[in-house]
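Q: Quick one: structure below, then a few questions.
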Amino acid sequence: MFVAIATVLLTLTSFKKQAKVLTVFMIGDSTMANKSIENGNQERGWGMALPCFFDDGVRVENHAVNGRSSKSFIDEGRWQRVLDRIKPGDYVFIQFGHNDEKPKADRHTEPGTTFDANLRKFVLETRERGGIPVLFNAVVRRNFFKRMPRNDDDEALRKTVGPPDKSLKEEGDTLYDTHGAYLLSPQNVASEQNVVFIDANRVTHDLEQGLGREASKKLHMWFLPGEEPSVPKGRQDNTHYNVYGAHVVARLLADEVGRKIPRLRKHLVFYDYSVAANGVGDFFTPQEAIEKVPEGKKCTVQLFPGVWEKPKVTSGKKVKFVLREGAKWK
């Protein structure tokens, strides 16, 4: 009998196939990168979550890699591999800065000179292939210390365990910048080269400052001991996003992209939850999504490619499912 789910709308819709799919290439560092989902890893880059906010007319290819600067991304041949794939009309989202700031010679660049030169290289070579570059500055670190604790390597933050270090000075209520002039280079090169500039630092600053010092921890890989099974000893990582944080930031930056680029704006989608087997979504199964849907609130859940088990839905939950191309029910 279907009375129990009478209040539930299980609308099975699918996106129409697009005549031409746009590709968005992403190059950057760990704050943008795709992450392993092994052993329940909760870390995500905002670029990993970005496909949730475009319809099937846009394909996201995320080439961002942990620990890379504009210099090391070029020196390791990663930029050339992206460049070889760019077709006329494709977009390239460019976001560096976190690791360009670091002192190691294989990563370090200087704002105003070498950092700008690398950004300019990305822009000019993208255009030579007929692509469309978009420059982003770095997202903020969650830093409520007036004087930031020494950090020569954001990647080492994954090794921090245990409760907060009591030797650190107590946090205040103001979010302090850690990037300095590295924030200006993408904006300056964008102005010089007539490129769309996305002020990701402003967007994420307003987000984290608005949440405040405690609530902003919920965006990051910041867990007390016993709080998250994948990091049982806890972690204090104010740079990298967790699943929730990556989706919040991706949603905000997708909206900002839509404001600046009309061609991409028409492909934006903003559903309540996303389900994907590869970790790009909020959840791995429709049942997990259903369990998070508040009773009495209408919610839309999109399903990425796969064959999905229909969830058990309790009375009072109003859910619409949207099936992406390649998704279907068992």
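Once you know that position 124 of the sequence shown is 124 in our numbering, the rest is easy, because the numbers rise by one and skip nothing.
Cβ atoms here follow ideal geometry from the backbone N, Cα and C, with glycine treated the same way.
So what's Asn370 in DSSP terms, helix, strand or just coil?
A: Absent from the model: residue 370. The displayed extent of the chain is 1 to 330, so no value can be given.
Q: Grab the span of the beta strand (DSSP E) containing Val134 for me, first residue to last.
A: Run containing Val134: 132-136, per the beta strand (DSSP E) assignment.
Q: For His220, report the span of its beta strand (DSSP E) as first-last.
A: Taken as a continuous stretch (DSSP letters only), the beta strand (DSSP E) holding His220 covers 220-223.
Q: With three or more C-beta pairs closer than 8 Å as the rule, is the region 47-61 touching the region 19-28?
A: With the cut-off at 8 Å, the region 19-28 and the region 47-61 touch.
Q: The beta strand (DSSP E) spanning Gln302 covers which residue range?
A: Unbroken beta strand (DSSP E) run through Gln302: 298-303.
Q: Measure the beta-carbon distance from Tyr91 to Ile132 and round it to whole angstroms, keeping in mind my assumption that it falls under 8 Å.
A: Contact flag correct, Cβ pair sits at about 5 Å.
Q: Counting pairs of Cβ atoms below 8 Å between the region 113-121 and the region 219-229, do you hit three or more?
A: The answer is no - the region 219-229 does not touch the region 113-121, with fewer than three Cβ pairs under 8 Å.
Q: Relative to the C-alpha of Tyr271, which candidate in Lys35, Arg158, Arg324 has its C-alpha closest?
A: Here the closest residue by C-alpha is Arg324.
Q: Apart from the five residues just before and just after Gly130, which ones in its own chain have a Cβ nearer than 6 Å to its Cβ?
A: Only Pro88 meet the Cβ criterion.
Q: Measuring straight from C-alpha to C-alpha, what distance separates Thr113 and Cys52?
A: When rounded, the distance between both Cα atoms is 36 Å.
Q: So what does DSSP say about Asp154, is it helix, strand or coil?
A: If DSSP states are grouped into helix, strand and coil, Asp154 belongs with the helices.
Q: Report yes or no: do the region 32-47 and the region 71-90 share at least 3 C-beta pairs separated by less than 8 Å?
A: Verdict: no, contact absent.
Q: When we look at the beta-carbon of Leu199 and count the other beta-carbons within 10 Å, is it buried (16 or more) or exposed?
A: What sits at residue 199 in the sequence shown is Asp, not Leu. Buried: at least 16 other Cβ atoms inside 10 Å.
Q: Can you check which of these residues, Leu264, Phe283, His98, Val82, is closest to Val21 by C-alpha distance?
A: Comparing Cα-Cα distances from Val21 to each of Leu264, Phe283, His98, Val82, the minimum goes to Leu264.
Q: For Val275, which residues in the same chain have their Cβ closer than 8 Å to its Cβ, ignoring the five residues on either side in sequence?
A: So the qualifying residues of the chain are Gly281, Asp282, Phe283, Phe284, Thr285, Pro286, Glu288, Ala289, Val301, Gln302, Leu303, Phe304, Trp308.
Q: Thinking just about the alpha-carbon of each residue, which of Ala49, Asn99, Thr126, Glu101 is nearest to the one in Val195?
A: Cα-wise, what sits closest to Val195 is Thr126.
Q: Which class does Glu61 belong to by DSSP, given the choice of helix, strand or coil?
A: Here Glu61 sits in strand by DSSP.
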